[in-house]
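This report refers to the structure that appears directly beneath it.
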Amino acid sequence: MPHWYEHNGLRFAYPENWQIEEIDVVGQPLDITLQTPGGGLWSLQSIPGGMSPGEAAAQALKGVEAEFQEVENESAQLELVEQLWLGFEIRFFCFDYLIEGRVWACRIPGRTLVCVYQAEQAEFEKQEPVFQAVMASLFTSASQEETT
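Here numbering that gives the first Met the number 0 is used: the first residue of the sequence shown is 0, the next is one more, and so on.
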């Protein structure tokens, strides 16, 4: 049975065995991070105002590039629940592990959402459908009707 996050006008489902951390500081974008049992990360940032998805995704990519060396990236698009996400497919090494990830951004009324998820390559292949299901739950009618 999934857990539900509901705060600051956002609502989404995530696996019950994932850890959640929220950073909500006045004047800063809301930042929510989920961690899988295998060490993968899924994060969502809610940026108020009118930043374009392309600009937000590029800014998030710069953050990844500042943290890790030699990040390979390719522009990408993803449509989930009739919502277009713009972003990048990314790959980089952390210690001896190949990390795969995605940087996505989309515009919704009043804010831009930025989602970044990454995991070691073998875990990434297993978890990407789950990462995307969490993203999709932001826009499904079930996530809006479900009660916690």
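No residue lacks a Cβ here, since even glycine has one placed at the ideal position from N, Cα and C.
Anticipated Cβ contact below 8 Å, Arg-101 with Glu-71, distance rounded: Rounded, the Cβ-Cβ distance is 13 Å, inconsistent with contact.
List the DSSP bridge partners of Thr-111. Ile-46, Arg-106
Can you look up Gly-86 in the DSSP assignment and give me helix, strand or coil? strand
Closest Cα partner of Pro-47 within the set Val-129, Glu-124, Asn-7: Asn-7
So, with DSSP's three-state summary, where would you put Gln-27? coil
Assigned secondary structure, Phe-11 (DSSP; H/G/I helix, E/B strand, else coil): strand
Under 7 Å, do Ser-45 and Thr-32 count as touching if we go by C-beta distance? no
Within 10 angstroms of its Cβ, does Val-25 collect 16 or more other Cβ (buried), or is it exposed? exposed
Check this for me: beta carbons of Phe-87 and Ala-75, under 7 Å apart or not? yes
6 Å CB neighbourhood of Gln-82 in its chain, flanking five on each side removed: Cys-105, Phe-138
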